[in-house]
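**Q**
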Amino acid sequence: MNSDDLATADPSPNRPAGGILPWRRVALLYAVGLLVTLVPLLLLSRNFFWLNIITYTYLFAGLAVAWNIIAGFGGQFSLGHGVFFAIGAYTTARLFLDWEISPWLGLLPGAIACAVVGPLIFWPTFRLKGSFFAIATLAFNEVALVLANYLESVTGGPRGLQVPFRAAFKNMIFTDPRAYTVLMFVFMAIAVGISIVLMRSRLGYYLLAVREDEDAARAAGISVIQVKLRATALSAALTAIGGGLFAMYIRTIDPLTLFSLPDIGVKFALLSLIGGMGTITGPVLGAFLIIPLESYLRAVFGGSGPGVHLILLGFVMLLAALFMRRGVAGAIDSLRQHWRHRRSA
Amino acid sequence: MDILNILVVGLLLGGIYGLVSIGLNLIFGVIRIVNFAHGELVMLGMYGAYLAYATLGLDPYIAVLLVVPALFVVGIIVHRLVLQPLHAESNMQIFATFGLLIILQNAVLAITRGEGFSVPSKVAGFTFGVGDIRVTVSRLVIFLALTATAIALHLFLKRTLIGKSIRAVTQDRQAARLMGINVERTFTITFGIGSALAGLAGVLLSPIYTLSPGIGGNFILAAFAVVVLGGLGSVAGAYFGGMIVGLVEAFAGFYIDPELKQAIWFLIFLVVLIVRPTGLFGQVGAEEVGFREQN
Numbered sequence: 014m015n016s017d018d019l020a021t022a023d024p025s026p027n028r029p030a031g032g033i034l035p036w037r038r039v040a041l042l043y044a045v046g047l048l049v050t051l052v053p054l055l056l057l058s059r060n061f062f063w064l065n066i067i068t069y070t071y072l073f074a075g076l077a078v079a080w081n082i083i084a085g086f087g088g089q090f091s092l093g094h095g096v097f098f099a100i101g102a103y104t105t106a107r108l109f110l111d112w113e114i115s116p117w118l119g120l121l122p123g124a125i126a127c128a129v130v131g132p133l134i135f136w137p138t139f140r141l142k143g144s145f146f147a148i149a150t151l152a153f154n155e156v157a158l159v160l161a162n163y164l165e166s167v168t169g170g171p172r173g174l175q176v177p178f179r180a181a182f183k184n185m186i187f188t189d190p191r192a193y194t195v196l197m198f199v200f201m202a203i204a205v206g207i208s209i210v211l212m213r214s215r216l217g218y219y220l221l222a223v224r225e226d227e228d229a230a231r232a233a234g235i236s237v238i239q240v241k242l243r244a245t246a247l248s249a250a251l252t253a254i255g256g257g258l259f260a261m262y263i264r265t266i267d268p269l270t271l272f273s274l275p276d277i278g279v280k281f282a283l284l285s286l287i288g289g290m291g292t293i294t295g296p297v298l299g300a301f302l303i304i305p306l307e308s309y310l311r312a313v314f315g316g317s318g319p320g321v322h323l324i325l326l327g328f329v330m331l332l333a334a335l336f337m338r339r340g341v342a343g344a345i346d347s348l349r350q351h352w353r354h355r356r357s358a
Numbered sequence: 453m454d455i456l457n458i459l460v461v462g463l464l465l466g467g468i469y470g471l472v473s474i475g476l477n478l479i480f481g482v483i484r485i486v487n488f489a490h491g492e493l494v495m496l497g498m499y500g501a502y503l504a505y506a507t508l509g510l511d512p513y514i515a516v517l518l519v520v521p522a523l524f525v526v527g528i529i530v531h532r533l534v535l536q537p538l539h540a541e542s543n544m545q546i547f548a549t550f551g552l553l554i555i556l557q558n559a560v561l562a563i564t565r566g567e568g569f570s571v572p573s574k575v576a577g578f579t580f581g582v583g584d585i586r587v588t589v590s591r592l593v594i595f596l597a598l599t600a601t602a603i604a605l606h607l608f609l610k611r612t613l614i615g616k617s618i619r620a621v622t623q624d625r626q627a628a629r630l631m632g633i634n635v636e637r638t639f640t641i642t643f644g645i646g647s648a649l650a651g652l653a654g655v656l657l658s659p660i661y662t663l664s665p666g667i668g669g670n671f672i673l674a675a676f677a678v679v680v681l682g683g684l685g686s687v688a689g690a691y692f693g694g695m696i697v698g699l700v701e702a703f704a705g706f707y708i709d710p711e712l713k714q715a716i717w718f719l720i721f722l723v724v725l726i727v728r729p730t731g732l733f734g735q736v737g738a739e740e741v742g743f744r745e746q747n
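Chains A and B, in that order, give the protein sequences.
The first sequence begins at 14 in the working numbering and counts up by one.
The second sequence begins at 453 in the working numbering and counts up by one.
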C-alpha cells in the first residue's frame with residue numbers, strides 16, 4: 014500500500030506520470046497492506062498489554078482515515094469530529110442500554126444521524142476558510158461538551174454511561190480481548206477500503222479539485238458545496254461507527270473522555286498530519302507510529318514523574334512537524350522520488 | 453442580585469477574557485497562526501509570578517516588570533525555532549503549537565509535581581463596595597490594565613514604525629515586502645508582543661486563581677471566541693469582544709442556567725462567525741484570505 018501507487022491523493026504536483034492503476038493491482042496492494050498491518054497482532058496476541066495498544070491502534074487508524082476524507086482529501090481542516098465520535102458512542106450505548114438493541118445494529122443509527130447532522134452543522138461553516146474553519150469546528154466540539162454534560166437524561170451527564178459486562182456475540186461484548194482487536198481491524202480495513210474506492214470515484218476527484226482550487230473547481234462545473242457536504246456525511250458516519258465501537262470496547266463513556274481534544278478531537282488530525290494528510294496510507298501510518306509510541310512512553314516513563322511521557326510525545330510532535338512537512342508518507346514519497354531520479358540519471 | 457450587579461460582574465469577567473485575548477488577537481490577526489499554546493503562555497505568566505514571589509518575595513503587581521519581558525523573550529524563541537520554519541504550512545503550525553501546549557503543560561506538571569500554588573498579594577484581596585455591589589481590587593486591576601493595554605497597543609500600532617510595519621504586513625504581505633519591510637522579523641516581534649501580553653494576563657490573574665498546569669485550557673477557547681467575535685487584528689475588537697463574552701456569560705448564567713452559559717456564548721460565537729466572519733470590528737475580507745494566499 015503506497016500512496017503513490019494507489020491513488021490520486023498525492024499532493025505533490027510533480028509526481029511521475031503513471032496513469033491510474035487497474036483495479037486488480039489496487040486490490041492486491043490493499044490486501045498486502047492489510048496483511049502487513051496484521052503482523053503486530055499475530056506477533057503479540059498473547060501479550061495483553063500490547064494487545065490493548067494494537068486494538069486502539071486499529072481503531073484510531075480507522076478514525077484517522079475517516080477524518081482524512083473531508084480534511085485531507087477535501088482540505089477542510091475539521092477539529093469538530095469529536096462530536097460525531099460522541100454521537101456514535103452515545104447512540105450505540107443508549108440503544109443497547111434502553112432497548113437491548115444489539116450494538117451491531119446500534120452502530121447504524123448513529124452513523125445515519127451523523128450523515129445528516131454532519132452536513133447540517135458544517136454547511137454554514139463551509140463559508141469559512143483555513144484556520145477560521147478549524148476554530149469554528151472546534152467550537153462545535155465545545156458546545157457539544159457542554160450540552161452532553163447538561164442533557165443528563167440522554168448522556169448520563171458528567172457521570173456518563175456504563176455498559177454492563179454481558180458477554181455475548183450479539184452484545185458485542187467478548188471475554189477474549191482478541192475479539193475486539195479483530196473487530197477494530199475490520200473497522201480499519203473497511204475505512205481504508207472506502208477511502209480507496211472514494212478516491213477512484215467521481216466524488217473523490219471532485220474533492221481533490223475543490224481542495225486544490227475552489228474557484229477553478231466551480232468554474233469547471235463542480236458544485237463545491239455539494240461535494241463538501243457529501244464528503245462530510247461519509248466522514249462523519251464513519252467516525253460515528255468508530256465512536257460506537259469505542260463505547261463497546263471501553264464500556265464506560267463520559268463527556269470528558271469523548272470530547273477530549275488531545276485524545277479524540279485533535280488526535281484524528283495529529284495522526285493524519287504525522288502520517289501524511291491527503292494520502293490513503295498516511296493516517297494509518299500515523300496511528301501505527303503514535304498510538305504505540307504514546308502507550309509505550311506512558312508505560313516506561315509514567316512512573317518517573319507526572320507528565321514526563323507527554324513531554325517526550327510533545328517533542329516528537331514538534332520534530333515531526335519541523336522535519337516531515339508532508340508527514341511520513343510524504344517523506345517516504347520524496348525518498349522514493351529521489352531514488353528513482355538518481356537511478357534514471 | 454440586581455441587573456446592575458450582574459453588569460459589573462460581567463464587565464469584570466470581560467476584563468479577564470479581554471486581557472487573555474488581546475495578545476492572541478494580535479498573533480492570530482497578524483501572523484494567522486492558530487496558537488493553541490496561548491493559554492499555556494498565560495499559564496507560564498502565572499507560574500512566573502509565583503516564582504518571583506517564592507524566590508524574591510515579590511508582589512505579583514511588581515513581578516509584572518520581570519515576567520512580561522521574560523515572556524517576550526520566550527515568544528521570540530518559540531517563533532524563531534518552531535513557527536517561522538513552518539511559515540508556509542498552516543496545518544503543521546497548528547500541529548506544532550499543539551505540541552508546544554503538551555510540552556509546556558507537562559513540563560510545568562513534572563516540575564511542580566501537580567501541586568497547586570497560589571500567589572498572595574497584599575492588595576489584591578481588598579474589596580470595596582458601592583451600594584450592594586462589591587468589587588475586588590484584583591479584578592478591577594485587570595479591567596484597568598486591559599483598558600490601558602488596549603490604548604497603549606492602539607497607539608503603538610498607529611504611531612510607531614514597528615507598529616506601522618505590523619499593520620502593513622497584516623494587510624498585504626507581498627506589498628509590505630516590496631516596501632522593504634522585513635516580514636519575518638515583524639512576525640517574530642509580533643509573536644513576542646503577543647506572548648508578553650499573555651504573560652501580563654497571567655501575572656494579573658495569578659492572585660485570583662489557584663495555579664495548575666492545565667489552567668490555560670480554561671482561557672484558550674474563550675479567547676478564540678473573543679478574537680473571532682471582535683475581529684481579527686483589531687485592538688478594539690479584543691476589548692469589546694471580551695466585554696460581550698463576559699456580559700453574555702454573566703447574564704446567561706443568571707437568567708438561563710449557569711451550566712449552559714458557555715454553550716450560549718459559543719453559540720453566539722458561531723452565529724457571528726457565520727453571519728459576519730470579519731467580527732464586529734474586523735476589516736471586511738480579512739477572513740477570506742485563506743492559507744494558500746498567505747505565502
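Even glycine gets a Cβ: it sits at the ideal position worked out from N, Cα and C.
A quick note: this is a predicted structure, and the numbers were derived from the prediction, not measured.
Could you pull the start and end residues of the beta strand (DSSP E) that Thr-588/B belongs to?
**A** Translated into positions along the second sequence, residue 588/B becomes position 136. Start and end: 585-588.
**Q** Pick out whichever of Leu-220/A, Ala-84/A, Ile-287/A has its Cα sitting closest to the Cα of Ser-236/A.
**A** Position 223 of the first sequence, counted from the first residue, corresponds to residue 236/A. It is Leu-220/A whose Cα lies nearest to the Cα of Ser-236/A.
**Q** Can you find a C-beta in chain A that's less than 8 Å from the C-beta of Phe-547/B?
**A** Taking the first residue of the second sequence as 1, we reach residue 547/B at position 95. Yes, its Cβ sits closer than 8 Å to a Cβ of chain A.
**Q** Residues of chain A with a CB under 8 Å from the CB of Phe-550/B: which are they?
**A** As a first step, residue 550/B must be located in the second sequence, where it is residue number 98. Within 8 Å Cβ-Cβ: Pro-275, Val-279, Leu-283, Met-330.
**Q** Along chain A, which residues have their Cβ under 7 Å away from the Cβ of Val-530/B?
**A** The residue given as residue 530/B occupies position 78 in the second sequence. Simply none; closest approach about 10 Å.
**Q** What in chain A is Cβ-close to Arg-625/B, meaning under 7 Å?
**A** Taking the first residue of the second sequence as 1, we reach residue 625/B at position 173. Neighbours of Arg-625/B on chain A: none; closest Cβ ~15 Å, over 7 Å.
**Q** Over what stretch of residues does the beta strand (DSSP E) that includes Val-194/A continue unbroken?
**A** By one-based count along the first sequence, residue 194/A stands at place 181. The identity of residue 194/A in the sequence shown is Thr, whereas the question assumes Val. Per DSSP, Thr-194/A belongs to no beta strand (DSSP E); it is in the alpha helix (DSSP H), 190-212.
**Q** Measure from the C-beta of Ile-148/A to each C-beta in chain B and report whether the shortest distance is under 8 Å.
**A** In the first sequence, counting from the first residue as 1, residue 148/A sits at position 135. Yes, its Cβ sits closer than 8 Å to a Cβ of chain B.
**Q** If we define contact as Cβ-Cβ less than 8 Å, is Thr-138/A a contact residue for chain B?
**A** Along the first sequence, one-based indexing puts residue 138/A at 125. Closer than 8 Å to some Cβ of chain B, the Cβ of Thr-138/A qualifies, so yes.
**Q** Would you call Ile-468/B buried or exposed, if buried means 16 or more other Cβ atoms sit within 10 Å of its Cβ?
**A** As a first step, residue 468/B must be located in the second sequence, where it is residue number 16. With 16 or more Cβ atoms within 10 Å of its Cβ, Ile-468/B is classed as buried.
**Q** To the nearest angstrom, report how far apart Arg-625/B and Phe-198/A are at their CA atoms.
**A** Against the second sequence, residue 625/B aligns to sequence position 173. Against the first sequence, residue 198/A aligns to sequence position 185. Rounded to whole angstroms, Arg-625/B to Phe-198/A spans 47 Å at the Cα level.
**Q** At the level of alpha carbons, what is the spacing between Asn-477/B and Arg-353/A?
**A** Along the second sequence, read from residue 1 onward, the residue named residue 477/B stands at position 25. Along the first sequence, read from residue 1 onward, the residue named residue 353/A stands at position 340. C-alpha separation (whole angstroms): 46 Å.
**Q** Got a sec: which bits of the segment 310-335 of chain A sit with their beta carbon under 7 Å from any beta carbon on chain B, in order along the chain?
**A** From the segment 310-335 of chain A, only Gly-318, Pro-319, Gly-320, Val-321, Leu-323, Ile-324, Leu-326, Gly-327, Phe-328, Met-330, Leu-331, Ala-334, Leu-335 have a Cβ closer than 7 Å to chain B.
**Q** Applying a beta-carbon distance threshold of less than 7 Å, which residues of chain A neighbour Ala-562/B?
**A** Taking the first residue of the second sequence as position 1, residue 562/B is located at position 110. Going along chain A in sequence order, the residues near Ala-562/B (Cβ under 7 Å) are Gly-318, Pro-319, Gly-320, Val-321, Ile-324.
**Q** Curious, which full-length alpha helix (DSSP H) runs of at least 4 residues does the segment 153-185 of chain A contain?
**A** Those alpha helix (DSSP H) runs which fall completely within the segment 153-185 of chain A and span 4+ residues are 165-168.
**Q** Let me check you understand the geometry: is the CB of Pro-521/B closer than 7 Å to at least one non-hydrogen atom of the ligand MN?
**A** What this structure holds is no ligand at all, so the ligand MN is not there to describe.
**Q** Can you give the Cα-Cα distance for Gly-481/B and Ala-202/A, rounded to whole angstroms?
**A** For this step, residue 481/B is matched to residue 29 along the second sequence. For this step, residue 202/A is matched to residue 189 along the first sequence. Taking the straight line joining both Cα atoms gives about 42 Å.
**Q** Mind checking who Ile-514/B pairs with in its DSSP beta bridge?
**A** One-based indexing of the second sequence puts residue 514/B at position 62. None; Ile-514/B has no bridge partner.
**Q** Output the distance between the C-alpha atoms of Trp-717/B and Pro-53/A, rounded to the nearest integer angstrom.
**A** Position 265 of the second sequence, counting from 1, holds the residue named residue 717/B. Position 40 of the first sequence, counting from 1, holds the residue named residue 53/A. Whole-angstrom Cα-Cα distance: 47 Å.
**Q** Please classify Tyr-193/A as buried or exposed, where buried requires at least 16 neighbouring CB atoms within 10 angstroms.
**A** Numbered from 1 along the first sequence, position 180 holds the residue referred to as residue 193/A. By the 10 Å Cβ count, Tyr-193/A comes out buried.
**Q** How about Leu-456/B and Arg-591/B: are their beta carbons less than 8 Å apart?
**A** Here residue 456/B refers to the residue found at position 4 when the second sequence is read from its first residue. Here residue 591/B refers to the residue found at position 139 when the second sequence is read from its first residue. Cβ distance not < 8 Å, so Leu-456/B and Arg-591/B don't count as in contact.
**Q** Between Glu-155/A and chain B, is the shortest Cβ-Cβ distance under 8 Å, so that the two count as touching?
**A** Numbered from its first residue, the first sequence carries residue 155/A at position 142. Closer than 8 Å: yes.
**Q** Starting from Ala-663/B, follow its DSSP beta bridges and name the residues at the other end.
**A** Here residue 663/B corresponds to residue number 211 of the second sequence, with the count starting at 1. Looking at the sequence provided, one finds Leu at residue 663/B rather than Ala. Leu-663/B pairs with Phe-569/B.
**Q** By the criterion of Cβ-Cβ separation under 8 Å, what are the contact partners of Val-159/A in chain B?
**A** Within the first sequence, residue 159/A is the residue found at index 146, counting from 1. The contacting residues are Glu-711, Leu-712, Gln-714, Ala-715, Phe-718.
**Q** When the Cα atoms are used, what is the spatial distance from Gly-316/A to Asn-65/A?
**A** For the purposes of this step, residue 316/A is identified with residue 303 of the first sequence, where counting begins at 1. For the purposes of this step, residue 65/A is identified with residue 52 of the first sequence, where counting begins at 1. For Gly-316/A and Asn-65/A, the distance between alpha carbons rounds to 19 Å.
**Q** Checking the sheet assignment: what are the DSSP bridge partners for Val-582/B?
**A** Here residue 582/B is taken as the residue at index 130 of the second sequence, counted from 1. Paired residues: Ile-585/B.
**Q** Does DSSP put Ile-235/A in a helix, a strand or coil?
**A** Numbered from 1 along the first sequence, position 222 holds the residue referred to as residue 235/A. Note: Ile-235/A maps to coil in three-state DSSP.
**Q** Straight-line CA distance for Val-329/A to Leu-47/A?
**A** On the first sequence, position 316 is the one that residue 329/A refers to. On the first sequence, position 34 is the one that residue 47/A refers to. Their backbone Cα atoms lie some 26 Å apart in a straight line.
**Q** Kindly indicate if chain B contains any beta-carbon less than 8 Å away from that of Ala-152/A.
**A** The count along the first sequence starts at 1 and reaches residue 152/A at position 139. Chain B, which has a Cβ nearer than 8 Å to the Cβ of Ala-152/A, makes this yes.
**Q** DSSP has Tyr-265/A in a bridge; who is on the other side?
**A** As a position in the first sequence, residue 265/A is number 252, starting the count at 1. First, the residue type needs correcting, since residue 265/A is Thr and not Tyr in the sequence shown. Beta-bridge pairing links Thr-265/A to Gln-175/A.
**Q** Given a cut-off of 8 Å, decide if Ala-300/A and Leu-10/A are closer than it, judged by their beta-carbon atoms.
**A** The requested residue 10/A does not occur in the structure, where chain A is confined to residues 14 to 358.
**Q** How would you write the range of the alpha helix (DSSP H) that Gly-651/B sits in, first residue to last?
**A** Here the question's residue 651/B lines up with position 199 in the second sequence. Run containing Gly-651/B: 635-657, per the alpha helix (DSSP H) assignment.
**Q** Identify, in the order they occur along the chain, each residue of the same chain with its Cβ nearer than 7 Å to the Cβ of Thr-638/B, setting aside the five sequence neighbours on each side.
**A** The residue given as residue 638/B occupies position 186 in the second sequence. The answer, listed in chain order, is Ser-617, Ile-618, Val-621.
**Q** Could you tell me which of Ile-563/B, Glu-711/B, Val-461/B sits nearest to Ile-585/B, measuring between CA atoms?
**A** Here the question's residue 585/B lines up with position 133 in the second sequence. Minimum Cα distance to Ile-585/B is reached at Val-461/B.
**Q** Short of 8 Å in beta carbon distance, which residues of its chain neighbour Asn-558/B, apart from the five on each side in sequence? Order them along the chain.
**A** For the purposes of this step, residue 558/B is taken as the residue at position 106 of the second sequence. Within the same chain, Asn-558/B has close Cβ partners Pro-665.
**Q** Measuring straight from C-alpha to C-alpha, what distance separates Trp-112/A and Ile-645/B?
**A** Within the first sequence, residue 112/A is the residue found at index 99, counting from 1. Within the second sequence, residue 645/B is the residue found at index 193, counting from 1. Trp-112/A and Ile-645/B: Cα-Cα distance of roughly 57 Å.
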